[in-house]
Amino acid sequence: MTVFIIRRLMQAMIVVFLMSLIVFFGVNVIGNPVDMLINPEADQAEIERTIRALGLDKPIAEQYLFFLKGIAQGDFGKSFIFGEPALKLILQHLPATIELALVSLLMAVVLGIPLGLYAGLFPEQGISRTIMASSILGFSLPTFWVGLMLIMGFSVYLGWLPSTGRGETAVFLGIESSLWTWNGLSHLLLPALNLALTNIGLVIRLSRAGVREAMHQEYIKFARAKGLPTHRIIGVHLMKNIMIPIVTVLGLEFGNLLAFSVVTETIFAWPGMGKLLIDSLLQLDRPVVVAYLMIIVLLFVAINLLVDIVYSILDPRVRLRDQGA
Amino acid sequence: MNRTVKTRALATVAVVALSTPLLAEDLTIGLASEPTSMDPHFHNLTPNNAMSRHIYDTLIRQDETQGLNPGLAVEWKPVDELTWEFKLREGVTYHDGSAFDADDVLCSFVRAPDVPNSPSSFASMTKGKTLKKIDDFTIHITTEAPYPLMANDVSNVPIVSSESGCDATTAAYNSGEASVGTGPFTFVSYKPGDSIVLASNPNYWGDVSPWSTVTFKPIKSGPARVAALLAGDVDVINSVPTTDIATLEGREDVGLSQGTSNRVIYLHLDHGRADSPFVKANGGGDIDNPLRKLEVRTAISKAIHRDAIVERVMEGVAIKAGQLLPNGFFGVSDQLQPVEYDPNGAKELLAAAGVPDGFELTIHGPNDRYINDAKIAEAIGQMLTRVGIKTSVETMPRSVYFQRASRGGPEGGPEFSFILVGWGSGTGEASSPLRSLIGTHDPDKGWGASNRGRYSNPEVDALIAEALQTVDSAAREKLLAQATELAIADAAIIPLHYQVNTWGVRKGFAYAPRTDEYTLATGVTKE
Chain P
2 MTVFIIRRLM
12 QAMIVVFLMS
22 LIVFFGVNVI
32 GNPVDMLINP
42 EADQAEIERT
52 IRALGLDKPI
62 AEQYLFFLKG
72 IAQGDFGKSF
82 IFGEPALKLI
92 LQHLPATIEL
102 ALVSLLMAVV
112 LGIPLGLYAG
122 LFPEQGISRT
132 IMASSILGFS
142 LPTFWVGLML
152 IMGFSVYLGW
162 LPSTGRGETA
172 VFLGIESSLW
182 TWNGLSHLLL
192 PALNLALTNI
202 GLVIRLSRAG
212 VREAMHQEYI
222 KFARAKGLPT
232 HRIIGVHLMK
242 NIMIPIVTVL
252 GLEFGNLLAF
262 SVVTETIFAW
272 PGMGKLLIDS
282 LLQLDRPVVV
292 AYLMIIVLLF
302 VAINLLVDIV
312 YSILDPRVRL
322 RDQGA
Chain C
573 MNRTVKTRAL
583 ATVAVVALST
593 PLLAEDLTIG
603 LASEPTSMDP
613 HFHNLTPNNA
623 MSRHIYDTLI
633 RQDETQGLNP
643 GLAVEWKPVD
653 ELTWEFKLRE
663 GVTYHDGSAF
673 DADDVLCSFV
683 RAPDVPNSPS
693 SFASMTKGKT
703 LKKIDDFTIH
713 ITTEAPYPLM
723 ANDVSNVPIV
733 SSESGCDATT
743 AAYNSGEASV
753 GTGPFTFVSY
763 KPGDSIVLAS
773 NPNYWGDVSP
783 WSTVTFKPIK
793 SGPARVAALL
803 AGDVDVINSV
813 PTTDIATLEG
823 REDVGLSQGT
833 SNRVIYLHLD
843 HGRADSPFVK
853 ANGGGDIDNP
863 LRKLEVRTAI
873 SKAIHRDAIV
883 ERVMEGVAIK
893 AGQLLPNGFF
903 GVSDQLQPVE
913 YDPNGAKELL
923 AAAGVPDGFE
933 LTIHGPNDRY
943 INDAKIAEAI
953 GQMLTRVGIK
963 TSVETMPRSV
973 YFQRASRGGP
983 EGGPEFSFIL
993 VGWGSGTGEA
1003 SSPLRSLIGT
1013 HDPDKGWGAS
1023 NRGRYSNPEV
1033 DALIAEALQT
1043 VDSAAREKLL
1053 AQATELAIAD
1063 AAIIPLHYQV
1073 NTWGVRKGFA
1083 YAPRTDEYTL
1093 ATGVTKE
């Protein structure tokens, strides 16, 4: 297992390096950050001075070498816009996003699995059909539209929940989070639900399909014949077997939630990383974009690794080794 | 906390409690774009400058229409050709209790152009000026040539404390440690992307704000900003999307506050190149750039139905334009009217210019910079096609557009032939657009930095140059108006309309609209 993890980490390093190459040259093809940053009243001398100050007068290869040198010292460069280290900016925005992703993942599990189980166990019932029909809506309606509808419904008309921003934070167990305050939770509910809808739909469909398939398997029939109580058959024998695809999908989705919850964060003005990424892209804040995407690659590699480990716990037949290795 | 400090703090609290009106209330403002720093000298751009006006003062203030009023300077006047004298306000204290004097001004002018990593510095406001302290409350600012725009420049430079501010880093400002000014609000907290909180300064030398705390929330998405206003989560928002204005007007629980901005939306045409890349003969062949003929430029102006753009594209929220700045600004001409829509006249002019059947043209514009910019470009494309100039429309994000429009061509010149752009006058008078858009492109002089059509007219240049050296206001105003008239008659640029800025407020609140697009808590009143 140790060898497996080490090999995975080395692969990750290569991926991150290639990624930095692609992203760095990619973002440098678009526009010129100076045009986005500078006051329109500035004259030519001032524009020139700023280009030099940001290091944009140098050839791109030299800029990249300089960037690599920084990375070797743990420095991802400074944001053009904020003048602060890119890494620091990203880490500042990380807690808000993690909180949002965790709550939305929790919603997907807590709502999606029971609903999917129900729909799988009683496929002919009207309720099951309703669940399945709604699940299609869950992942086919555009997030942007659903977000605005949630705001219109719950904030503007009903006035129950705040429409925008992150709530008050508090420190608990050494972690500062808005999960610990009522105000924080009330701010979190709508964006988390908006983000969770797709995944709830996905989990419902996966659980239902898993249940429908597993119910006809020999081991379930055997458990029945043995006279095991229904809750034990469903809770242990069935669940364990349908969880594998769900864990895979949720693992990858968690990465997606962390990295690309751009739309939801924009609509709800949630001060997370997704919003930072889209703002940086639009304003050509190259160091932040590059650092962000490199961190995301690391994140995905880590999540995949975790998923593999959870696999091996859920299904002892799975051994940790690279395919073909 | 030691005992004396504690007692003093308590005493301050007591004073605050007594001196603040009983009506003291909280205010929440939703902003379309967020300041990038709390350092007032870090980034010379509208969102930052608007925010810094809360915590800091400038020597001279700009009012709602960018008129100049006393700020930290009570009076200013030229004492000779090259020297301006500023008398400073006495008895002003910083938020930390230290006193304001001439040293603060001197060091602020040193710091402003020279903040490390600044993406856009204040150098254009401070350059060429030498400051000298005469006594604690008098300073002289000298220039090498007569400089009438002194007051306008000075009104843009925030003054920080020589004790805690001048040597501080941007990070120290962002943490609040160095965010100490003389302004109407004090720093409470800054969480990038989340909120900025300020509190009323009870010892302010001017009118003490009735808002005990002000929270700014960045809400970039237009629909979300409107929803936050409707839900009552914010009391004021800026940049109400034009598509929502009609809906909001029909509601009782919100109000709108509108005012003309200093921003003109205009078309720039390629005056410089004989062979312009996006101008083609009918059928795609080469053609001697017809945009260099006055008749063709005038024909384009006449072919544009400005009323239709204002009514349909801008939903009535714009004012058609005939020059560089709306009426009421310093240096505008009272002779110039918006060009009337006259498609037949346009066709006649095209025939007179030797292109009776028109030509092929591409208009380039941004699609995320100005209000409805892409839609305006499309409307113009259709209008020009109607008179025979077959115009295709290409719009792109501003991150790509401005680089190509300014420097995308060979040898770092402009790439496009015919572009849609906007210009807001930061100084609030006509020399800003004249010098940057119409003055001959000359990096050494710093002229024509945004002259993306490379227009060049020695007569206009001479008038601008004379105006920029004329300290007498009346004479300068006349020269600026003359230069504008000449440039517009020559169709150096084709003005379309002035933007109108719209703020949304909850019932019971009011906002005094500003031409400079700043959103200031001091402009919000409770009805």
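Top line first, the protein sequences correspond to chains P and C.
To convert, count from 1 in the first sequence and add 1; that's our numbering.
To convert, count from 1 in the second sequence and add 572; that's our numbering.
Virtual Cβ for every residue (Gly too), placed ideally from N, Cα, C.
Query	Result
Contact list for the region 58-86 of chain P against chain C, Cβ threshold 9 Å	79, 80, 81, 82, 83, 84 and 85
Closer than 7 Å at the beta carbon, the chain P residues around residue 791 of chain C	165 and 270
Classification of residue 789 of chain C by the beta-carbon crowding that lies within 10 angstroms, buried from 16 upward	buried
Three CB pairs or more closer than 8 Å across the region 721-734 of chain C and the region 111-124 of chain P	no
Close beta carbons around residue 987 of chain C, own chain, < 6 Å, minus the five adjacent residues each side	976, 980 and 981
Residue 937 of chain C - DSSP class collapsed to helix/strand/coil	strand
Separation of residue 847 of chain C from residue 860 of chain C, as counted between CA atoms	6 Å
Test: residue 182 of chain P CB closer than 8 Å to a CB of chain C	no
Cα-Cα separation, residue 75 of chain P to residue 807 of chain C	43 Å
Limits of the unbroken beta strand (DSSP E) element including residue 841 of chain C	826-841
7 Å CB neighbourhood of residue 593 of chain C in its chain, flanking five on each side removed	No answer about residue 593 of chain C holds up, because its pLDDT of 43 lies below 50 and its placement is not dependable.
Spatially closest choice to residue 5 of chain P from P:316, P:22 and P:305, by CA coordinates	P:305
Residue interval of the alpha helix (DSSP H) (run including residue 115 of chain P)	87-122
Every unbroken alpha helix (DSSP H) inside the region 129-185 of chain P [4 residues or more]	144-151
Sheet register partners of residue 634 of chain C (DSSP bridge)	C:640
Short Cβ contact (8 Å threshold) for residue 170 of chain P with residue 185 of chain P	yes
DSSP-derived helix/strand/coil call for residue 1170 of chain C	Nothing about residue 1170 of chain C can be reported from this structure: the residues present for chain C run from 573 to 1099 only.
Beta carbon of residue 82 of chain P nearer than 8 Å to that of residue 284 of chain P	yes
Residue 637 of chain C and residue 812 of chain C closer than 8 Å at C-beta	no
Every unbroken alpha helix (DSSP H) inside the region 261-300 of chain P [4 residues or more]	263-268 and 274-283
Residue burial classification, residue 1089 of chain C (beta-carbon count within 10 angstroms, cutoff 16)	buried
Stretch pair the region 245-263 of chain P + the region 193-202 of chain P: three plus CB contacts closer than 8 Å	yes
Continuous beta strand (DSSP E) stretch holding residue 956 of chain C: start and end	Residue 956 of chain C -> not in any beta strand (DSSP E); alpha helix (DSSP H) instead, spanning 945-958.
Residue 283 of chain P: contacting residues in chain C (beta-carbon distance under 8 Å)	940, 969 and 971
Residue 593 of chain C, DSSP secondary structure in three states	Confidence at residue 593 of chain C is low in this model, with a pLDDT of 43, below 50, so its placement is unreliable and the value that follows should be read with caution. Reduced to three states, the DSSP call for residue 593 of chain C is coil.
Alpha-carbon spacing of residue 735 of chain C relative to residue 678 of chain C, whole angstroms	12 Å
For residue 34 of chain P, the first and last residue of its enclosing alpha helix (DSSP H)	34-38
Burial state of residue 276 of chain P (16 or more Cβ within 10 Å)	buried
Same chain, Cβ closer than 8 Å to residue 659 of chain C, five either side skipped, listed in chain order	645, 646, 647, 648, 709 and 710
Neighbour flag for residue 44 of chain P against chain C, beta carbons, 8 Å	yes
Burial state of residue 11 of chain P (16 or more Cβ within 10 Å)	exposed
Sheet register partners of residue 733 of chain C (DSSP bridge)	DSSP lists no partner for residue 733 of chain C.
Within-8 Å CB hit, residue 1088 of chain C to chain P	no
Proximity test, Cβ basis, 8 Å: residue 1021 of chain C and chain P	yes
CB-CB length for residue 990 of chain C against residue 850 of chain C, believed under 8 Å	7 Å
Within 8 Å, strictly: CB atoms of residue 796 of chain C and residue 314 of chain P	no
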